[in-house]
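According to our numbering, the sequence shown is numbered sequentially starting from 35.
Idealized CB from N, CA, C, for every residue including glycine.
Everything numeric in this text was worked out from a predicted model, so none of it was measured.
Before any comments, here is the structure.
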Amino acid sequence: MAENNHQAGEKAYASPYGRVDEEVASVAQKNEKRKKRVKCFTYVAVFIVIQSVIFMIFGLTIMKVRTPKFHVRSATFGAFEVSTLDTNPSFNINMIADLSVRNRNFGQYKYQNSTVEFFFRGTKVGEARIVRSRANARSTRRFLATVDLSSAGVPTEVLANEFRTHALIPLTSRSTLRGKVEIMKLMKKNKSTNMNCTMEIMISSKQLGNISCR
Ligand SMILES: *[C@@H]1O[C@H](CO)[C@@H](O)[C@H](O)[C@H]1NC(C)=O
Ligand SMILES: *[C@@H]1O[C@H](CO)[C@@H](O)[C@H](O)[C@H]1NC(C)=O
Ligand SMILES: *[C@@H]1O[C@H](CO)[C@@H](O)[C@H](O)[C@H]1NC(C)=O
Ligand SMILES: *[C@@H]1O[C@H](CO)[C@@H](O)[C@H](O)[C@H]1NC(C)=O
């Protein structure tokens, strides 16, 4: 009987302790789970932040669409007839212009047919045709365009005035290229670029100099 009681007592004591242990264990387990969850959320948050930063850098550099630059680089001449006579000034010049389309995008720039117009003191004196083509990613495409420059439309007085001060033919060239920037086949964006250059034909040396493009 006494033994039985003792055993029962043992059982009665053992049981609550076991429950306490279980509770402690389950609290610890819950804590562990919570910690794991917090860790997991932290990883996800860090991952999202890193991804965002990567996308932002990507968007600001690779995916950014920059305006290509369209310039006159130099020129050579074919027929070169210039009269600086005060009474009958004129020019008829065949110019082979070296043009460039500088594309800084991480994708090709495809442009359409266009023209480059040349002006002498505001009067159009010639036009060069530009055939549709493309400039590759982060590269400059250079090509030649021929233009016949004629003073036929320029008032005699304006030309005479020019030649009285110097043996130069100042020109401006203007153009608009319309095209598309294609980045990694993902993004296509229409982009046009304007040419606005000034230059001078030096009559005595038959050279093009002082080229400046904005
Ligand atoms: C572009 O110019 C080329 C050569 O002059 C011509 O054959 C072509 O038809 C033109 N394309 C367009 C779309 O005008
Ligand atoms: C892009 O330009 C083409 C013509 O070159 C035009 O048909 C098209 O509608 C333009 N797209 C946008 C989004 O402006
Ligand atoms: C071209 O550039 C000149 C300065 O070099 C500027 O005065 C003029 O407004 C520009 N024209 C265009 C159409 O951008
Ligand atoms: C170059 O052109 C600019 C503008 O047309 C002019 O002001 C300058 O004097 C020229 N420079 C030379 C060296 O001819």
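Residue i (DSSP reduced to helix, strand or coil)
{"i": "residue 85", "result": "helix"}
{"i": "residue 118", "result": "coil"}
{"i": "residue 190", "result": "helix"}
{"i": "residue 172", "result": "coil"}
{"i": "residue 235", "result": "strand"}
{"i": "residue 68", "result": "helix"}
{"i": "residue 165", "result": "coil"}
{"i": "residue 63", "result": "helix"}
{"i": "residue 152", "result": "strand"}
{"i": "residue 109", "result": "strand"}
{"i": "residue 198", "result": "helix"}
Where residue i falls, given that 16 or more other Cβ within 10 Å makes a residue buried
{"i": "residue 86", "result": "exposed"}
{"i": "residue 116", "result": "buried"}
{"i": "residue 246", "result": "exposed"}
{"i": "residue 74", "result": "exposed"}
{"i": "residue 189", "result": "exposed"}
{"i": "residue 240", "result": "exposed"}
{"i": "residue 164", "result": "buried"}
{"i": "residue 92", "result": "exposed"}
Distance cut-off 8 Å: residue i Cβ against heavy atoms of ligand 2
{"i": "residue 168", "result": "no"}
{"i": "residue 147", "result": "no"}
{"i": "residue 158", "result": "no"}
{"i": "residue 214", "result": "yes"}
{"i": "residue 244", "result": "no"}
{"i": "residue 224", "result": "yes"}
Any non-hydrogen atom of ligand 1 within 8 Å of residue i CB
{"i": "residue 142", "result": "no"}
{"i": "residue 165", "result": "yes"}
{"i": "residue 122", "result": "no"}
Short CB-CB distance (under 9 Å) between residue i and chain B
{"i": "residue 148", "result": "The chain inventory of the structure shown lacks chain B, comprising one protein chain alone."}
Between the CA atoms of residue j and residue i - distance to the nearest angstrom
{"i": "residue 63", "j": "residue 76", "result": "20 Å"}
{"i": "residue 149", "j": "residue 140", "result": "26 Å"}
{"i": "residue 97", "j": "residue 227", "result": "18 Å"}
{"i": "residue 145", "j": "residue 80", "result": "42 Å"}
{"i": "residue 220", "j": "residue 106", "result": "31 Å"}
{"i": "residue 222", "j": "residue 124", "result": "47 Å"}
{"i": "residue 167", "j": "residue 101", "result": "16 Å"}
{"i": "residue 95", "j": "residue 131", "result": "33 Å"}
{"i": "residue 187", "j": "residue 156", "result": "11 Å"}
{"i": "residue 121", "j": "residue 114", "result": "19 Å"}
{"i": "residue 212", "j": "residue 248", "result": "18 Å"}
{"i": "residue 109", "j": "residue 183", "result": "13 Å"}
{"i": "residue 56", "j": "residue 71", "result": "22 Å"}
{"i": "residue 224", "j": "residue 82", "result": "32 Å"}
{"i": "residue 177", "j": "residue 162", "result": "12 Å"}
{"i": "residue 218", "j": "residue 210", "result": "25 Å"}
Within 9 Å, strictly: CB atoms of residue i and residue j
{"i": "residue 160", "j": "residue 181", "result": "yes"}
{"i": "residue 127", "j": "residue 153", "result": "no"}
{"i": "residue 194", "j": "residue 238", "result": "no"}
{"i": "residue 244", "j": "residue 229", "result": "no"}
{"i": "residue 204", "j": "residue 196", "result": "yes"}
{"i": "residue 147", "j": "residue 174", "result": "no"}
{"i": "residue 169", "j": "residue 133", "result": "no"}
{"i": "residue 198", "j": "residue 151", "result": "no"}
{"i": "residue 215", "j": "residue 143", "result": "yes"}
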